[in-house]
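The opening residue of the sequence shown carries number 503 in the numbering used here; numbering runs sequentially from there.
Working notes for the structure below.
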Amino acid sequence: AESVEEVQAAVHEARAAGKVLRTVGSQHAPPKVGFGTDHGRPTLHLKLEGALRRVEVLGYSADDEHLYVRAGAGVVLGVEPIDPASTPETSLFQIVDRLGYAFPMTGGITHQTVGGMLMSGTAGGSTKHAFQDGLLSIELVD
């Protein structure tokens, strides 16, 4: 899928067919989590591409302490070595770093997608900081 509209169509298709819809990111999750069946129900796999793998710089806070970006769920945090489309130029962390900013905390694995990290609970954190501290909003698709 290359757009929110294509993801919405896949959600409706899966629902109508009684299938479980799973997005395929960097395949970091264990096979039964990312590619298993859901209690015997057939699964439809969806790879996020195009606009869903873009990072858009939206602007800066008035005091320049914060950078605002929009990142699609298919954006890889670092660089995914097995994905030829994943490069330092498309990496969320490297784009933010080149602009002189960073996230407050990240997990130990950077070859996963934004959506995968947030939805699998592997966003990293401590008792003081978490990746989610840097989030303003999340767009959900139904």
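By construction, the Cβ of each residue, glycine as well, lies at the ideal position given by its N, Cα and C atoms.
Self-check item: Residue span of the beta strand (DSSP E) that contains V557, given as start and end
Solution: 557-562
Quiz item: Where do the ends of the beta strand (DSSP E) carrying H547 lie?
Solution: 545-549
Practice problem: Note down the Cα distance separating M621 from Q614, rounded to an integer number of angstroms. | Solution: 11 angstroms
Exercise. Write down every uninterrupted run of the alpha helix (DSSP H) in the region 562-628 whose length is 4 residues or greater and which is fully enclosed by it, in chain order.
Key: 594-600, 616-622
Exercise. Report the three-state DSSP secondary structure of A511 (helix, strand or coil).
Key: helix
Quiz item: Can you tell which of G617, M607, L594 has the C-alpha that lies nearest to the C-alpha of A632?
Solution: M607
Quiz prompt | For L554 and V509, the rounded distance between their alpha carbons | solution = 10 angstroms
Self-check item: For A632, three-class secondary structure by DSSP
Solution: strand
Quiz item: Would you call the CB atoms of L594 and A573 closer than 8 angstroms?
Solution: yes
Practice problem: Evaluate contact between the region 557-571 and the region 598-606, counting only Cβ atoms and requiring at least three cross-stretch pairs below 8 angstroms. | Solution: yes
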